[in-house]
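Sequence order for the protein chains is A and B.
Just so we're aligned: the first sequence equals residues 66 to 214 in this note's numbering.
Just so we're aligned: the second sequence equals residues 66 to 214 in this note's numbering.
Here a beta-carbon is modelled for each residue, glycine too, at the ideal position from N, C-alpha and C.
These numbers come from a predicted model, not from an experiment.
Number of protein chains: 2
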Amino acid sequence: MRGKIDKMDIQLIKLLAKNSRLTYKELAEILRTTRQRISRRMEKLERIGAIKKYTVIPDFDRLGYIYMIIGITIKPGIPMEPVIEKLKMEENVKIIERAVGSHNLVIHMVAPKEMKEIEKRINDLSSKIEGIDKMDITFITDIVKFEIL
Amino acid sequence: MRGKIDKMDIQLIKLLAKNSRLTYKELAEILRTTRQRISRRMEKLERIGAIKKYTVIPDFDRLGYIYMIIGITIKPGIPMEPVIEKLKMEENVKIIERAVGSHNLVIHMVAPKEMKEIEKRINDLSSKIEGIDKMDITFITDIVKFEIL
């Protein structure tokens, strides 16, 4: 049974998605179980990688940043692994997602609100990725709704 | 000074972005201040909207879901507000972002791993948005890196 995800795990992740600062006690009360069981479940979910991270969603604009989503299509036949390994090390690259569909690589970047700096970072990024076929750059101006599950 | 964001606020948000479950005590120790001051700062950041949410990043694949990012370009002149208000109510639409650039609306959806169901949800979504010029659908297969700030 270790490593298996059940209904209670999904409920627990949904609660944490709404508020990851809920204490073991609060989670236990909502799910009508004990703190020990909640703590054991969360440890399991972290260990098997079902929970990747507890994080915060800031208002980037409020903090003085521009948040960009860059959808990249790499030409067929180009191996993605070396590209991803290189990008992982980049301080400016915050999120890297492998994908299929319109894009096969999605990159999220945060930059200060200066067009020259943004241009530089985008050029830097594209120079590091071999075989780019298409690059769709979208600047997020407002996060209107944010739920995870 | 209320509502102003300083260096310490940014440091605090960066710590919470790495692990939003850190306690006031742990945060106070790292930032060499008191629990009371941390708690007051976090309250301020939540109140002014600089912190939008404490959440968890799951492994969608592990939980049995497909995670999609849909970049939408709406024809010029079409008002976005009614579209956004309609989409906010949609249970399947998890994240809605206003944007400028390649797309002016970015939608994140989560769906069970069944192509028929995915097709249905995408068709449902597009039928609800007036004046779509272009729709780029990207299925996220793996989150390789995830940092926020």
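Among the CB atoms of chain B, none fall inside 7 Å of the CB of R186 of chain A. Contiguous beta strand (DSSP E) elements confined to the region 109–142 of chain B occur at 116–123 and 130–139, taking only those with 3 or more residues.
Counting C-beta pairs with one atom in each stretch, the region 133–142 of chain B and the region 190–202 of chain B have three or more that are closer than 8 Å, which means they touch. Nearest CB-CB separation between K118 of chain B and chain A: below the 7 Å threshold.
In this structure, D124 of chain A lies near K117 of chain B, with their beta-carbon atoms less than 7 Å apart. When C-alpha distances from H168 of chain A are compared across A:M180, A:K210 and A:P141, the shortest belongs to A:P141. Around the CB of I161 of chain B, 16 or more other CB atoms lie within 10 Å, so the residue is classed as buried. At the C-beta level, R100 of chain B and K90 of chain B come within 7 Å of one another. For the region 171–186 of chain A, the set of residues with a beta-carbon nearer than 8 Å to any beta-carbon of chain B comprises V171 and V175, in chain order.
Membership of M174 of chain A in the beta strand (DSSP E) is indicated by the continuous run L170 to P177. Distance from the CA of V121 of chain B to the CA of V209 of chain B, rounded to the nearest whole angstrom, comes to 16 Å. Non-local beta-carbon contacts of A176 of chain A in its own chain, meaning distances under 8 Å to residues more than five positions away in sequence, involve Y130, I131, M133, N157, E182, I183 and R186 in chain order.
With fewer than 16 other Cβ atoms from the protein chains shown falling within 10 Å of its own Cβ, D189 of chain A counts as exposed. Not a single CB atom of chain A sits nearer than 7 Å to the CB of L92 of chain B.
The alpha-carbon separation between D74 of chain A and A115 of chain B amounts to approximately 30 Å.
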